[in-house]
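Down below is the structure, laid out as structure tokens.
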Amino acid sequence: MRLEQLVDALDRGGVGQLKYEHVCKAIGVTITGTPADWPRDEERARALQDELRTRVVVDEPGPPPGSGLVTGVDVAYDDERDVVAAAAVVLDAATLEVVEEATAVGRVAFPYVPGLLAFREIPTVLAALGELTSGPGLVVCDGYGLAHPRRFGLAAHLGVLTGLPVVGVAKNPFTFTYEQPGPRRGDSSSLLDGGEEVGRALRTQDGVKPVFVSVGHRVSLSNACAHTLRLSPGFRLPETTRRADALCRKALREATG
DNA sequence: GCGACAG
DNA sequence: ATCTTGTCGC
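The first sequence lines up with residues 1 to 257 when you count with the UniProt record's numbering.
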């Protein structure tokens, strides 16, 4: 996906106030600044979530597991120097082999506030996605989608901005509750916010702590779980997450030192 | 008011 | 997320 297409997508999505003219190239990575009109305080960030949440698409099953491309995205921080590095790693969904990699480095755009994680991660993640030549296919990110206080976590936010199918796979249950799923790989249970199922606790390896899957955009929950399972043949976390995590850390090392 | 709280 | 040694095990 080229950067111009990404910006077009942003405009078509009615979020044209998000400009990425700060994006430029330098020494093999993309250096991105925070968009001038990016929310600067929690109040405006929550207002933007409330505005964008209505655009989440939940009535599509999403691409079938095991075919096409699947892209993992992740970020690493150097809070001392106010630097963030993002990575996007495209895998062949059938073989889990790496098809393409891209990174971007930028300034931290927002502090970490539970419920507002997307504002911290998304600008640099978009820059990394914009560097990809291949279409990302299904995107898998760290954190939650609809499992969120206002039903608009990182995965949903990224999906609405790009129009891509996105799933969220988190390592912790956040504020939600769940019954312990069965002990075998593939066993799952509901992730609950009160009585509402907002995601699933999914066991990806026998006898290992589950991961927490939720819908981001244009995928069903059951399909999101099926993808997560296929992407996790040997470890607790999906290969997309593992690859993106390793790459963004490397990009941060090379950008910082 | 206090604690908890994706990454 | 990040700070961090050793250690158990394949």
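Each residue gets a CB set at the ideal place from its N, CA and C atoms; glycine is no exception.
(message) I'd like the list of long-range same chain contacts for arginine 236, defined as Cβ closer than 8 Å, with 5 residues on each side in sequence excluded.
(response) So the list reads Thr204, Gln205, Val208, Lys209, Val211, once near-sequence residues are dropped.
(message) Less than 7 Å between C-beta atoms, sequence neighbours within five positions excluded: which residues of the same chain meet that for tyrosine 178?
(response) Closer than 7 Å at the Cβ level, and outside the excluded window around tyrosine 178, lie Ser189, Ser190, Leu191, Leu192, Ala201.
(message) Using the three-state DSSP reduction, which class does glycine 130 fall into: helix, strand or coil?
(response) Three-state DSSP puts glycine 130 in a helix.
(request) Let me know the secondary structure DSSP gives serine 232 once reduced to three states. (result) For serine 232, the secondary structure class from DSSP, reduced to helix, strand or coil, is coil.
(message) Contact between the stretch 231-251 and the stretch 213-222 is defined here as three or more beta-carbon pairs at a separation below 8 Å; is this criterion met?
(response) Counting Cβ pairs under 8 Å, fewer than three are found: no touch.
(message) If you reduce the DSSP assignment to three classes, tell me which class threonine 103 lands in.
(response) For threonine 103, the secondary structure class from DSSP, reduced to helix, strand or coil, is strand.
(message) Nearest by alpha-carbon distance to glycine 195: which of Gly168, Phe119, Ala147, Glu60 is it?
(response) Of Gly168, Phe119, Ala147, Glu60, the smallest CA-CA separation from glycine 195 is found for Ala147.
(request) Please report the Cβ distance between aspartate 92 and leucine 129, rounded to the nearest whole angstrom; I am assuming they are in contact, meaning their Cβ atoms lie under 8 Å. (result) In this structure, aspartate 92 and leucine 129 do not form a Cβ contact; the two beta carbons are roughly 18 Å apart against a cut-off of 8 Å.
(message) Suppose the cutoff is 6 Å on Cβ atoms and the five residues either side in sequence are ignored; what does the same chain contact list for valine 108 look like?
(response) Cβ contact annotation for valine 108 (same chain, cutoff 6 Å, sequence separation greater than five): Asp82, Val84, in chain order.
(message) For the beta strand (DSSP E) containing leucine 69, name the first residue and the last one.
(response) In the DSSP annotation of this structure, the continuous segment of the beta strand (DSSP E) that includes leucine 69 starts and ends at 69-78.
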